[in-house]
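Notes follow once the structure below has been shown.
Residue numbers (this note's numbering): 998 to 1235.
Written out as structure tokens, the structure is:
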């Protein structure tokens, strides 16, 4: 017989799937502004690849980081790291597959640790959607790094909530002429054009987040700023 917790988790999962379908139906897919190249970090990563990534990491100071756990077991599964590089190359996007790493005593694993040492060095600035310590703490058993890390960290999720609230107040208190003058400095929000029974109007969504103390999910933030759908299907797969 299902427990209250399992029923609650099932309802939450079903709600996420419903939202996924709604966003997919209403919005075009999210289009990244910059080129990137995916590198899978696992037991079959070549020495040439890891040496190249170490070289790039040595000259990169800004990184975007996110983590994912297994949908059912909740065990650590994936570390995603995007290099924000000014070089004229497709920026590396690392997908570190925790379940498929080589043994921690192998030479390849030591190379992975070296790469993380550069990424988590004192000169680095990390951007995350949520607190970076919360993201990384559960991944400590993988032995790729230790905490605390010495980087400068920005919780973009926290900054977004206050920025969006200020933007909304400015948008709805400005005349159309002023909005047109400032168009290069703001993001055009498309959500209010859609059926309010499916998508809350922008101002109502903002008020809801503040009154409930809710944080913005990255998917919601992309919808309400860019009017684009950021797929979470891979995350929701069981």
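Even glycine gets a Cβ: it sits at the ideal position worked out from N, Cα and C.
In this text the structure is predicted, and so the values were computed from the model without any measurement.
- Are the CB atoms of residue 1127 and residue 1212 nearer to each other than 9 Å? yes
- With residue 1063 as the anchor, note down where its alpha helix (DSSP H) starts and where it stops. Per DSSP, residue 1063 belongs to no alpha helix (DSSP H); it is in the beta strand (DSSP E), 1059–1066.
- Taking the alpha-carbon positions, what's the residue 1031 to residue 1061 distance? 14 Å
- Message: By the DSSP assignment, the beta strand (DSSP E) with residue 1050 in it spans what residues?
- Response: Not the beta strand (DSSP E): residue 1050 falls in the alpha helix (DSSP H), residues 1044–1055.
- Task: Look at the Cβ atom of residue 1095, then the Cβ atom of residue 1073, and state whether they are nearer than 9 Å.
- Result: yes
- Ordered along the chain, which non-local residues of its own chain (more than five positions away) have a Cβ less than 8 Å from that of residue 1036? 1042, 1046, 1050, 1089, 1090, 1091 and 1092
- Would you kindly work out how many angstroms separate the C-alpha atoms of residue 1188 and residue 1123, rounded to a whole number? Caution applies to residue 1188, whose pLDDT of 48 falls short of 50 and renders its modelled position unreliable; the value that the coordinates give is listed next. Roughly 29 Å between the two C-alpha positions.
- Query: Short check: CB of residue 1064 to CB of residue 1137, under 9 Å?
  - Reply: no
- Task: Quick one: grab the DSSP three-state call for residue 1095.
- Result: helix
- Query: If we call anything under 9 Å between Cβ atoms a contact, is residue 1026 one with residue 1228?
  - Reply: yes
- Between 1071, 1104, 1019 and 1125, which lies nearest to residue 1080 when the distance is taken from Cα to Cα? 1125
- Message: So, with DSSP's three-state summary, where would you put residue 1117?
- Response: coil
- Three-state secondary structure (DSSP) of residue 1087: coil
- Message: Counting C-beta neighbours from all protein chains within 10 Å, is the total for residue 1236 16 or more, i.e. buried, or is it exposed?
- Response: Absent from the model: residue 1236. The displayed extent of the chain is 998 to 1235, so no value can be given.
- Helix, strand or coil for residue 1149, going by three-state DSSP, please let me know. strand
- Item | Residue interval of the beta strand (DSSP E) (run including residue 1125) | 1122–1125
- Can you name the residues that DSSP bridges to residue 1079? 1061 and 1090
- Query: Exposed or buried, residue 1000, counting other C-beta atoms within 10 Å across all chains shown (16 or more means buried)?
  - Reply: exposed
- If you draw a straight line from the alpha carbon of residue 1201 to that of residue 1105, how long is it in whole angstroms? 51 Å
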